[in-house]
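*Asks:*
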Amino acid sequence: MRSLRLPLALLLAATALFTAGCATTTARVQPWERATLADYTMRPDRDPLALAMAEHVYFSRESATGGRGVGGSGCGCN
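Below you can see the structure in the form of structure tokens.
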């Protein structure tokens with residue numbers, strides 16, 4: 016029984032340290048990197064046709080969801 020406690024305690028301690036280390040990291044965007052993130056290609060709505068098609072597929076597949084001006088029950092009909 017004692018031989019299982021030490022590896023388990025070490026595993027728990029390593030997991031706690033790893034989790035604490037991942038939780039405290041912060042990703043800071045530097046001023047010179049903001050232009051890259053504000054680029055047109057980073058916008059999810061840059062192509063209105065692709066966005067409309069993706070929304071049509073999403074809302075026709077989801078059951079009984081509304082929103083964004085679409086009605087229906089998820090049957091897939093227009």
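Residue 16 is where the sequence shown starts when you use our numbering, and the numbers rise one by one after that. Just so you know, even glycine gets a beta-carbon here, dropped at the ideal spot from N, CA and C.
#1: So what does DSSP say about V165, is it helix, strand or coil?
#2: So, with DSSP's three-state summary, where would you put A53?
#3: Cα separation between D55 and R49?
#4: Using a threshold of 7 Å, state whether the C-beta atoms of D60 and L52 are closer than that.
#5: Distance, Cα to Cα, S18 vs L26?
#6: Nearest-angstrom Cα distance between C106 and A69?
*Replies:* Well, looking at it:
#1: Past the edges of the chain, shown from 16 to 93, lies residue 165, and the structure says nothing about it.
#2: Looking at A53 - three-state DSSP - the assignment turns out to be coil, as it is neither helix nor strand.
#3: Here the sequence assigns Tyr to residue 55, which means Asp is not the residue at that position. Rounded to the nearest angstrom, the two C-alpha atoms are 12 Å apart.
#4: Taking 7 Å as the Cβ cut-off, D60 and L52 do not qualify as a contacting pair.
#5: Straight-line Cα distance between these residues: approximately 13 Å.
#6: Since the first residue of the chain shown is 16 and the last is 93, residue 106 is not available in this structure.
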